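Engineer:
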Amino acid sequence: MNLLISSFLCLHLLSAALWVGGMATMHFAVRPAAAETLEPPLRLPFMAAALERFLGWVGGAIALLLVTGFGMIGMAGGFARVHWSVHAMVALGLVMMAMYGHIRFAGFPKLARFVAARDWPAAGKVLGTIRSLVVVNLALGVLVFIVAVIGRVL
Ligand code: HEM
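First residue of the sequence shown: 7, per my numbering; consecutive thereafter.
#1: For G99 and G66, what's the separation of their Cα atoms in angstroms?
#2: Would a C-beta distance cut-off of 8 Å place M102 and I11 closer than the cut-off?
#3: Does the distance from the CB of R137 to the CB of R37 come in under 8 Å?
#4: Report the CB separation of S21 from L71 in whole angstroms; it is logged as a contact under 8 Å.
#5: Looking at the structure shown, is V142 part of a helix, part of a strand, or coil, going by DSSP?
#6: Give a yes or no on whether the C-beta atoms belonging to A129 and F120 are separated by under 8 Å.
#7: Inspect the beta-carbon positions of H108 and L61 and report whether they are closer than 8 Å.
#8: So is the beta-carbon of G99 under 7 Å away from any non-hydrogen atom of the ligand HEM?
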C-alpha cells in the first residue's frame, strides 16, 4: 500500500469515525442528558442547535468518505478488482447517505420551523422521528464497520 492510498484510508476512517461516533454521542449522551435536565422550551432549541452543527460536520465527512472511498476503488483498478466487502460497504454507505439527506433536507428544516414557531409538541414529534432515523443509521454504520473489517477476510 503506497502513501497516497494509506492517506486516503486514514481520512476515510477518520470520517467514518466522526459520523458513527458522533451519532452514538448524540443518541447515548446528548439527547438523554437534554431530556433529563431541560424542559421542552429549552431542550428543543438546544437539540436543534446541536443537530444543525452535527449535520454540518457529517456533510463534510460524507464528502470525504465519497472522495476517498471511490478514489481507493479507482486506484485499486475499479469495482471489478475489489473484494465483495467493498461492494457491500458502498451499498450500505449509500443507504446511510440517503437517510442523512432525508434528515438534513426534510426532517431538520421542519424541526427548525416548529422551534422558531415555539410549537413544542410538533417539534418534539419531529425530533422523535429524527431520533428513530439516527438509530437506524447508527446500526447501519456499525454494520458497515463489521462488513468492511471482518468481511474482508471472508
Ligand atoms: C459509500 C461510499 C464508500 C466507498 C466508495 C468506500 C470505499 C472503501 C474502500 C475502497 C476501502 C478500502 C478497502 C480495502 O482496502 O480493503 C474502504 C475501507 C473502509 N471503509 Fe469504506 N467506503 C464507503 C463508505 C464507508 C462508510 C459509510 C463507512 C463506515 C460508516 C466505511 C468504513 C470503512 C472501513 C472501516 C474501512 C476499513 C476496512 C479495512 O481496511 O479493514 N466506508 N472503504
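C-beta: ideal position from N, C-alpha, C; glycine also. Being a predicted model, the structure only gives us computed values, none of them experimental.
Structural biologist: In this structure, then:
#1: Along the sequence shown, read from residue 1 onward, the residue named residue 99 stands at position 93. Along the sequence shown, read from residue 1 onward, the residue named residue 66 stands at position 60. If you take the alpha carbons of G99 and G66, they lie about 15 Å apart.
#2: Stepping through the sequence shown from its first residue, residue 102 is reached at position 96. Stepping through the sequence shown from its first residue, residue 11 is reached at position 5. Going by C-beta atoms, M102 is not nearer than 8 Å to I11.
#3: The residue labelled residue 137 in the question sits at position 131 within the sequence shown. The residue labelled residue 37 in the question sits at position 31 within the sequence shown. Yes, the pair counts as a contact, with Cβ atoms nearer than the cut-off.
#4: In the sequence shown, counting from the first residue as 1, residue 21 sits at position 15. In the sequence shown, counting from the first residue as 1, residue 71 sits at position 65. Here S21 really is in contact with L71; their C-beta atoms are around 5 Å apart, less than 8 Å.
#5: Within the sequence shown, the letter at position 136 stands for residue 142. Correct three-state label for V142: helix.
#6: In the sequence shown, the residue the question calls residue 129 occupies position 123. In the sequence shown, the residue the question calls residue 120 occupies position 114. Result yes, Cβ atoms of A129 and F120 sit closer than 8 Å.
#7: As a first step, residue 108 is located in the sequence shown; it is residue number 102 there, counting from the start. As a first step, residue 61 is located in the sequence shown; it is residue number 55 there, counting from the start. Result no, Cβ atoms of H108 and L61 do not sit closer than 8 Å.
#8: Within the sequence shown, residue 99 is the residue found at index 93, counting from 1. Yes; taking the cut-off as 7 Å, the Cβ of G99 has a heavy atom of the ligand HEM nearer than that.
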